[in-house]
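So the structure is just underneath, and the comments pick up after that.
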Amino acid sequence: MPAITFTINKKLEGTLGRAGVLETKHGSLQTPCFVTVGTKAAVKAVIPEQVKDTGAQVVLSNTYHLYLQPGHERIEKAGGLGKFMNWQGPTMTDSGGFQVFSLGSAYGKGIGKLLKPSTEPILSAAPEDAKPKLVDIDHDGAMFRSHLDGSAHYFTPEKSIEIQHAIGADMIFAFDECTSPMEPFTYQRQALDRTHRWGKRSLEYHKSKPISEVQALFGIVQGGRHEELRKESAKVTAETVASNGEGFDGFGIGGSFAKEDMETAVRWVNEILPEEKPRHLLGIGEPEDLFMAVENGCDLFDCTGPTRLGRTGTVYTSTGKMHLHNAEFRDDFTKLDAACDCYTCTNYTRAYLSHLFHAKEMEAGTLASIHNIHFIVNLVDRMREGILDGTFHAIKENFLKKYKG
RNA sequence: GCGUCGGUGGCGGAGUGGUCAAUCGCACUUGACUGUAAAUCAAGCGCCCUCGGGCUACGAAGGUUCGAAUCCUUCCCGGCGCA
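Each residue of the first sequence is one higher than the one before, counting from 20 in my numbering.
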């Protein structure tokens with residue numbers, strides 16, 4: 020009995036898109052599926068029952084963060100991630116690979132998952148403004164300096180998987196290195212080889228443990244913006260097998276992108292990855308990106324957007340994003356989004372949310388996050404239905420026309 | 001009434017002769033956020049203008065000085081003390 024089973028119900032004709040069902044030991048996911056982010060075993064500002072009510076099916080936590088706090092052994096003692104945080108459904112953990120990037124080459128430079136076109140010259144002009152990074156990478160692994168207390172911690176692929184085994188999520192990720200699109204080709208080349216070696220070691224370690232029958236391991240494809248590297252990475256990752264002959268249970272597509280590079284990268288990769296296994300586009304979540312990714316064959320997506328934006332006062336609406344701090348909403352007694360039936364929209368007005376944000380009430384972040392999670396989860400659900408009933412393209416066109424207005 | 005301390009930008013509060021359109025908080029305005037270093041961060045915040053600069057400003061009015069938010073005089077207002 021494999022850790023997960025993935026069944027494709029219908030494909031989106033003429034594209035790489037598909038709708039399916041992914042079954043885990045803690046329930047099944049209807050894909051395409053938006054994965055809610057709960058980095059530190061908590062979806063920030065939202066309790067699990069509310070998360071569930073938004074329609075969210077699965078929560079993704081983070082290995083690096085939980086290792087530092089409260090410690091993976093403690094989560095294991097608690098009975099695993101889901102039990103610890105009172106989330107009944109499926110769970111995932113990221114490997115810490117993204118922190119190799121965010122606390123490493125990206126640290127203090129104001130760059131993240133997506134490169135802002137305008138920052139490129141600034142960054143290359145003034146790299147000395149960056150804070151000293153907290154990560155040192157070598158052949159074998161990565162040394163992290165805790166962002167909490169400065170203490171040193173060394174992650175290898177085996178260590179990351181060991182921690183993820185203790186945390187106990189249904190789906191876990193290989194330890195990888197997310198690279199910055201700013202890095203030159205020669206560095207992308209080296210880093211990719213490293214990610215492949217680490218992937219193989221992650222898989223080998225994972226498959227050597229009985230728990231691999233319960234937890235599924237996803238390998239991660241990198242390669243930056245380079246076609247040659249992306250395609251090679253897809254092939255290598257797809258063909259990687261442990262000594263017991265088994266490969267990855269699914270795949271993650273990673274990287275920090277320039278927005279215009281993302282679609283081609285995803286397509287190059289998904290044309291090569293085996294169709295019968297699930298594909299997770301790591302860290303992507305803006306509406307237009309989700310349409311792109313679904314159409315190009317991705318099944319899972321996670322993104323901090325809904326909760327981070329929500330907490331900081333921005334909400335998604337069918338006509339675009341809205342900054343609730345703005346003066347125009349102080350006397351606006353309509354709901355956030357006329358087309359939304361989430362808990363927040365059912366019960367509260369823009370003026371009330373505006374008040375909560377200005378008053379710095381915690382409930383502001385909660386209500387806005389609930390709305391945002393619902394908005395994105397619901398959007399991906401509609402994409403799924405669109406694939407199943409043949410209306411995907413119409414849904415996409417209608418949505419984007421209004422959203423991009 | 002006498003004495004005393006004080007009146008600074010929306011608010012609190014620095015400054016106490018030049019480097020002051022005025023530190024800093026807050027509020028306000030706007031922006032950013034895509035495998036969470038984030039309930040965070042950035043910019044703006046007297047008026048005019050394109051960088052540069054110009055103009056009006058530190059209760060009011062005068063005065064001293066090359067130069068005043070800063071010193072002097074009077075007045076107005078507030079706190080406190082004594083009558």
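Every residue gets a Cβ at the ideal spot worked out from N, C-alpha and C, and that includes glycine. These numbers come from a predicted model, not from an experiment.
Using a 10 angstroms sphere on the CB of Asp189, the tally of other CB atoms reaches 16 or more, which defines it as buried.
Between the beta-carbon of Gly271 and that of Phe192 there is about 5 Å, and that keeps the pair under the 8 Å contact cut. For Trp217 against Phe237, the beta-carbon gap comes to about 13 Å, at or over 8 Å, which does not count as contact. For Gln49, the three-state secondary structure derived from DSSP is strand. Residue nearest to Ser231 within the set Lys250, Phe411, Glu265 and Asp212 is Glu265 (criterion: CA-CA distance). The count of Cβ pairs closer than 8 Å, one atom from the stretch 155-165 and one from the stretch 325-336, stays below three, leaving the stretches out of contact. Residues of the same chain with a CB within less than 6 Å of the CB of Thr50, apart from the 5 flanking positions on each side, are Gly39, Leu41 and Asp318 in chain order.
Contact annotation: the stretch 242-255 touches the stretch 200-207, with at least three C-beta pairs closer than 8 Å. Taking a contact to require three or more Cβ pairs closer than 8 Å, the stretch 63-78 and the stretch 385-403 qualify as touching. Here the stretch 94-112 lies against the stretch 55-73, with 3 or more beta-carbon pairs under 8 Å apart.
No residue range can be given for Asp318, since it is assigned to no alpha helix (DSSP H) and is classified by DSSP as neither H nor E.
Rounded to the nearest whole angstrom, the C-alpha separation of Arg164 and Gly127 is 14 Å. When the beta-carbon positions are compared, Ala346 and Leu292 stay at least 8 Å from each other. In this structure, Ser221 sits near Ser179, with a CB-CB distance shorter than 8 Å.
By a beta-carbon distance limit of 8 Å, Ala22 does not contact Gln183. Their separation comes to about 12 Å. Distances from the alpha-carbon of Arg330 to those of Gly101, Ala387, Lys296 and Val119 put Ala387 closest. For Arg37, the enclosing beta strand (DSSP E) begins and ends at Arg37 to Thr43. Assigned with DSSP and collapsed to three states, Lys30 falls in strand. Taking all protein chains shown into account, Ala358 has fewer than 16 neighbouring C-beta atoms within 10 Å of its C-beta and is therefore exposed. Annotation for Leu386: the continuous alpha helix (DSSP H) segment containing it runs Met381 to Asp408.
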